[in-house]
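Trainee: Numbering (the numbering used here), first residue to last: 321 to 604. Take this structure first; my questions come after.
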């Protein structure tokens, strides 16, 4: 098991997008907080489904995410990081599956289980292409090349792009992590007894505690995260990037903080005296 990863410092939001074939101003939608406001390519060929993000300066990069996509199970995503605008001498060049098996084994009756492990209607949050590199790399230019020419939509759609160095506490979150669904649908009943629903999309909420933080983690990462994001910023929380792909996305939430919690001096420990709680509600 890997420790929780929290990606909140996304240099791509301050970067400049270019390349590929996308609807006018479409790539700038990768900076907006709601994945529903998606970037859309003009076609499904690699020439159209490619983009480069100039981060404007050198950044440490380890995690990359395409959020809220329409990519198929056959799609692949190539990630290139370089310090040169022409992407020569890349410090990272890797190709990963865009869509990994997402149905836990044994969760469906025998004969009904999809043998390839895929369920195309993954909700809420939609499909996420997530890649965590073994070590951090330092680069300025990030290029994404998507290969999904057989996409039945005849275009590629991406709701959000994130990259950066995630916060990973030295001591993992405490037992008691909670994940639940939120449904703000309203049920009403007529005078005659008929029931009506105002149906709204469901989202998820994850709550957790980081009980043993160092001084740097508490007054660096936890402090900076709340100061930068407040209640309106967004982050990507990955419960365990090393766990089975069948459950990884079920415990991965792109969202925002529901409240700002105290950083507490909770222990006389010299090394790990601080604790912090956080709750993240999904954005769709």
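For each residue, glycine too, the CB sits at the ideal point set by N, CA and C. Please read all numbers here as calculations on a predicted model, not as lab measurements.
Based on the DSSP output, what are the partners of residue 498 in its beta bridges?
Mentor: Taking the first residue of the chain shown as 1, we reach residue 498 at position 178. Looking at the DSSP assignment, residue 498 forms a beta bridge with 527.
Trainee: Roughly how far, in whole angstroms, is the beta-carbon of residue 392 from the beta-carbon of residue 468, given that I think they are within contact range, below 8 Å?
Mentor: One-based indexing of the chain shown puts residue 392 at position 72. One-based indexing of the chain shown puts residue 468 at position 148. Between residue 468 and residue 392 the Cβ distance is about 6 Å, and since that is below 8 Å, they are a contact.
Trainee: My understanding is that residue 582 touches residue 598, with C-beta atoms under 8 Å, so please give their C-beta distance in whole angstroms.
Mentor: For the purposes of this step, residue 582 is taken as residue 262 along the chain shown, with counting starting at 1. For the purposes of this step, residue 598 is taken as residue 278 along the chain shown, with counting starting at 1. Between residue 598 and residue 582 the Cβ distance is about 11 Å, and since that is not below 8 Å, they are no contact.
Trainee: If you follow the beta strand (DSSP E) that residue 473 is part of, which residue opens it and which one closes it?
Mentor: Here residue 473 refers to the residue found at position 153 of the chain shown. Here residue 473 belongs to no beta strand (DSSP E), and DSSP marks it neither H nor E.
Trainee: Using DSSP's beta-bridge definition, name the partner residues of residue 602.
Mentor: In the chain shown, the residue the question calls residue 602 occupies position 282. Partner(s): 575.
Trainee: From what residue to what residue does the beta strand (DSSP E) around residue 380 run?
Mentor: The count along the chain shown starts at 1 and reaches residue 380 at position 60. Start and end: 370–389.
Trainee: With burial defined as no fewer than 16 other Cβ atoms inside 10 Å of the residue's Cβ, what is the status of residue 413: buried or exposed?
Mentor: Position 93 of the chain shown, counting from 1, holds the residue named residue 413. That one is exposed.
Trainee: State yes or no: is the C-beta of residue 271 within less than 9 Å of the C-beta of residue 401?
Mentor: This structure leaves residue 271 out entirely; the chain is present only between 321 and 604.
Trainee: Nearest to residue 365 by alpha carbon, out of 405, 465, 420?
Mentor: Indexing the chain shown from 1 puts residue 365 at position 45. Closest option to residue 365, Cα to Cα, is 465.
Trainee: Give the list of continuous alpha helix (DSSP H) stretches no shorter than 4 residues that lie fully inside the region 509–562.
Mentor: 543–549
Trainee: When we look at the beta-carbon of residue 361 and count the other beta-carbons within 10 Å, is it buried (16 or more) or exposed?
Mentor: Walking along the chain shown from the start, residue 361 turns up at place 41. Buried, by the Cβ-count rule.
Trainee: For residue 460 versus residue 374, is the C-beta distance shorter than 9 Å?
Mentor: Here residue 460 is taken as the residue at index 140 of the chain shown, counted from 1. Here residue 374 is taken as the residue at index 54 of the chain shown, counted from 1. Taking 9 Å as the Cβ cut-off, residue 460 and residue 374 qualify as a contacting pair.
Trainee: In the DSSP output, which residue or residues are listed as bridge partners for residue 412?
Mentor: Residue 412 sits at position 92 when you count from the first residue of the chain shown. Answer by DSSP bridge pairing, in chain order: 401.
Trainee: Per DSSP, residue 452 forms a beta bridge with which residues?
Mentor: The residue given as residue 452 occupies position 132 in the chain shown. Residue 452 is bridged to 383.
Trainee: Tell me the DSSP secondary structure of residue 348 in three-state form.
Mentor: By 1-based counting over the chain shown, the position of residue 348 is 28. If DSSP states are grouped into helix, strand and coil, residue 348 belongs with the helices.
Trainee: Based on DSSP bridge pairs, tell me the residues matched to residue 636.
Mentor: An answer regarding residue 636 cannot be provided, because it is not within the stretch 321 to 604 covered by the chain.
Trainee: Let me make sure I understand the geometry here. Which of 407, 394, 603 has the alpha-carbon closest to that of residue 522?
Mentor: Residue numbering aside, residue 522 sits at position 202 when the chain shown is read from its first letter. Checked all of 407, 394, 603; the closest Cα to residue 522 is 603.
Trainee: Using DSSP with H/G/I as helix, E/B as strand and the rest coil, what is residue 567?
Mentor: Numbered from 1 along the chain shown, position 247 holds the residue referred to as residue 567. If DSSP states are grouped into helix, strand and coil, residue 567 belongs with the helices.
Trainee: In three-state DSSP terms, what is residue 424?
Mentor: Residue numbering aside, residue 424 sits at position 104 when the chain shown is read from its first letter. Coil.
Trainee: Measuring CB to CB, does residue 425 end up less than 9 Å from residue 433?
Mentor: If you number the chain shown from 1, residue 425 lands on position 105. If you number the chain shown from 1, residue 433 lands on position 113. Against a cut-off of 9 Å, the Cβ pair of residue 433 and residue 425 comes out as a contact.
Trainee: Taking the straight line between their C-alpha atoms, what separation do you get for residue 495 and residue 547?
Mentor: For the purposes of this step, residue 495 is taken as the residue at position 175 of the chain shown. For the purposes of this step, residue 547 is taken as the residue at position 227 of the chain shown. Answer to the nearest angstrom: the Cα atoms are 26 Å apart.
Trainee: Name the two residues that bound the continuous beta strand (DSSP E) containing residue 585.
Mentor: Taking the first residue of the chain shown as position 1, residue 585 is located at position 265. That run of the beta strand (DSSP E) goes 583–585.
Trainee: How should residue 579 be labelled, buried or exposed, when 16 other C-beta atoms within 10 angstroms of its C-beta is the threshold for buried?
Mentor: By 1-based counting over the chain shown, the position of residue 579 is 259. Result: exposed.
Trainee: When the Cβ atoms of the region 343–357 are set against those of the region 466–485, are three or more pairs found closer than 8 Å?
Mentor: Taking 8 Å as the limit for Cβ pairs, the verdict is that the region 466–485 does touch the region 343–357.
Trainee: Using the Cα positions of residue 341 and residue 405, report the straight-line distance between them to the nearest angstrom.
Mentor: Counting from one through the chain shown, the residue named residue 341 turns up at place 21. Counting from one through the chain shown, the residue named residue 405 turns up at place 85. Cα to Cα, residue 341 sits roughly 19 Å from residue 405.
Trainee: What's the call for residue 326, buried or exposed, on a 16-neighbour Cβ count within 10 Å?
Mentor: Walking along the chain shown from the start, residue 326 turns up at place 6. Residue 326 comes out buried.
Trainee: So if DSSP puts residue 459 in a beta bridge, which residue, or which two residues, is it bridged to?
Mentor: Working through the chain shown from its first residue, we reach residue 459 at position 139. Per DSSP, 379.
Trainee: Using CA atoms only, rank isn't needed, just tell me which of 525, 489, 507 is closest to residue 498.
Mentor: Walking along the chain shown from the start, residue 498 turns up at place 178. Of 525, 489, 507, the residue nearest in Cα terms is 525.
Trainee: Determine, using beta-carbon pairs with one atom in the region 563–570 and one in the region 540–555, whether at least three such pairs fall under 8 Å.
Mentor: Judged by pairs of C-beta atoms under 8 Å, the region 563–570 does not touch the region 540–555, as fewer than three such pairs exist.
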